[in-house]
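The opening residue of the sequence shown carries number 0 in numbering that gives the first Met the number 0; numbering runs sequentially from there.
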Amino acid sequence: MDKIKVIARWVLTIPAGVLVAWLVFALSQVSVSFVLHYFLGLSEGSFFPLVYKHTVPYLLMGGVFIASVVKFAPSHPKQTAYVCAVLALLHSVLPFIIASQFLKDNSLNHWGVIGVVCEIAGVLLMTYAVRSTSTDLRNT
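Structure, rendered in structure tokens:
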């Protein structure tokens, strides 16, 4: 029975990480809109809310994906972080490259580029944090 639990955790590791990262992304988008608009009185189209909306949720999404996958995986946290970092980089960079090849008329979405860069930064920062910690993230 214990082997079945370990296999099930390995099978569900990446889908669970994607789900947690998506939930954090959605909650951060809603909270950004709520806090900046209702509490600070800033409009959605002003510069500061746009910068915050296109950087922080993507940074959180990349970092939370790696952290949740490492926490959910039954063993090998560093190797799991490396593999998931490669998958996350492929997930964010390949559509960006494909879209930039098809958009020859300089109609590339600059906020999308900033989001991709922030997601990559979140993935790399969390992977570095997992690599540099001497203790396992599951024990914290």
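Every residue gets a Cβ at the ideal spot worked out from N, C-alpha and C, and that includes glycine. The structure presented is a predicted model; accordingly, all values stated were derived computationally and were not measured.
Give me the Cβ distance between residue i and residue j, rounded to the nearest whole Å; I'm assuming they're in contact under 8 Å.
{"i": "His53", "j": "Glu43", "result": "Going by Cβ atoms, the distance from His53 to Glu43 rounds to 12 Å, so no, they are not a contact pair."}
{"i": "Phe64", "j": "Gly111", "result": "Going by Cβ atoms, the distance from Phe64 to Gly111 rounds to 18 Å, so no, they are not a contact pair."}
So, with DSSP's three-state summary, where would you put residue i?
{"i": "Leu58", "result": "helix"}
{"i": "Glu43", "result": "coil"}
{"i": "Pro73", "result": "coil"}
{"i": "His36", "result": "helix"}
{"i": "His90", "result": "helix"}
{"i": "Thr132", "result": "coil"}
Do you know how far the Cα of residue j is from the Cα of residue i?
{"i": "Leu59", "j": "Phe24", "result": "7 Å"}
{"i": "Pro94", "j": "Ala80", "result": "22 Å"}
{"i": "Asn108", "j": "Leu49", "result": "13 Å"}
{"i": "Pro56", "j": "Ala66", "result": "15 Å"}
{"i": "Val29", "j": "Leu22", "result": "11 Å"}
{"i": "Leu124", "j": "Gln78", "result": "15 Å"}
{"i": "Ser27", "j": "Ala7", "result": "29 Å"}
For residue i, does the count of other Cβ atoms within 10 angstroms reach 16, so buried, or fall short, so exposed?
{"i": "Phe46", "result": "exposed"}
{"i": "Ser99", "result": "exposed"}
{"i": "Lys70", "result": "buried"}
{"i": "Thr139", "result": "With a pLDDT of only 46 at Thr139, under 50, the local geometry of the prediction cannot be trusted, and no value is derived from it."}
Is the shortest distance between the beta-carbon of residue i and the beta-carbons of chain B less than 8 Å?
{"i": "Leu39", "result": "Absence of chain B from the displayed structure is noted, only one protein chain being present."}
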